[in-house]
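Numbered per the working numbering, the sequence shown spans residues 7 to 228.
All residues carry an ideal CB built from backbone N, CA and C; glycine is no exception.
Data first, discussion second: the structure below is written as structure tokens.
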Amino acid sequence: MSDDTGRRSSMPSEEEVRRLVRSVVEAVAADPGRDAGPSARQPDAPTATTGAGGAPSAGPAAPDAVSIAIGGDHGGFALKQSLATWLAGKGHPVTDCGTHSTDAVDYPDIALAVARLVADGTCTVGIVIDGAGIGSCMAANKVPGVRASLCYDVSTARNAREHNYANVLTLGARLIGEGLAMDIVTTWLATPWGAARHGARVEKITAIERTYAAPGTEGRAG
Numbered sequence: 007m008s009d010d011t012g013r014r015s016s017m018p019s020e021e022e023v024r025r026l027v028r029s030v031v032e033a034v035a036a037d038p039g040r041d042a043g044p045s046a047r048q049p050d051a052p053t054a055t056t057g058a059g060g061a062p063s064a065g066p067a068a069p070d071a072v073s074i075a076i077g078g079d080h081g082g083f084a085l086k087q088s089l090a091t092w093l094a095g096k097g098h099p100v101t102d103c104g105t106h107s108t109d110a111v112d113y114p115d116i117a118l119a120v121a122r123l124v125a126d127g128t129c130t131v132g133i134v135i136d137g138a139g140i141g142s143c144m145a146a147n148k149v150p151g152v153r154a155s156l157c158y159d160v161s162t163a164r165n166a167r168e169h170n171y172a173n174v175l176t177l178g179a180r181l182i183g184e185g186l187a188m189d190i191v192t193t194w195l196a197t198p199w200g201a202a203r204h205g206a207r208v209e210k211i212t213a214i215e216r217t218y219a220a221p222g223t224e225g226r227a228g
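Next comes the structure, spelled out in structure tokens:
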């Protein structure tokens with residue numbers, strides 16, 4: 007009971023949330039290019055970049071390129087390799103977080119490796135591939151600052167970026183083929199963030215994250 011009481015007392019009041027949302031909306035209106043929240047920053051591409059397998063990426067980054075952390079477990083290994091090579095060929099600085107073979111590994115470890123690079127600003131966005139994409143999405147979303155989205159067609163890819171400002175994409179290699187995966191990634195990277203319309207809602211997601219990441223507010227999943 008005491009834990010529940012403490013958790014309730016640490017929650018922001020309705021007025022505090024309203025003030026936070028108003029400040030975000032006003033900031034976005036004043037500067038449309040501004041991020042929705044501190045965890046949604048778009049850092050400069052790192053100067054030291056790697057391609058698939060950790061090799062230097064070929065040629066300079068394209069003007070619209072973003073740095074990408076990519077990873078996949080044994081079920082997503084083949085698709086991860088294809089996407090990493092393809093993305094590097096398009097001029098994106100790619101950091102390969104593994105795995106590097108079809109030997110069995112645990113997908114949370116790969117998801118964490120990718121999510122950390124996005125959360126700390128080393129890479130702008132991340133892509134994680136496992137068999138279905140569900141577990142990696144769950145794991146990545148435990149990292150503060152990450153908004154991971156499981157996408158299975160171009161419509162969900164577009165929605166995840168425009169509405170939810172997703173910064174990590176998860177894919178299910180056993181559910182989609184390579185061609186569809188490339189279409190999803192292309193759409194996901196190209197879709198602009200709809201900050202003016204959706205910024206306040208994404209900031210509410212960040213506010214929830216801040217609340218439950220605070221000391222003494224750990225919840226229990228049933």
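V134 is positioned such that its CB atom lies no closer than 7 Å to that of A110. Under the three-state reduction of DSSP, L195 is assigned to helix. When rounded, the separation of the alpha-carbon atoms in A172 and D112 is 23 Å.
DSSP places I140 in the uninterrupted alpha helix (DSSP H) bounded by I140 to A146.
Burial check for S161: the Cβ neighbour count within 10 Å stays below 16, so the residue is exposed. Pairing G183 with L89, the inter-Cα distance amounts to about 11 Å. In this model, H204 and P198 are separated by some 12 Å (Cα to Cα). Rounded to whole angstroms, the Cβ separation of L195 and V72 is 7 Å, and the two are in contact under 8 Å.
Residue pairing by DSSP places S73 in no beta bridge whatsoever.
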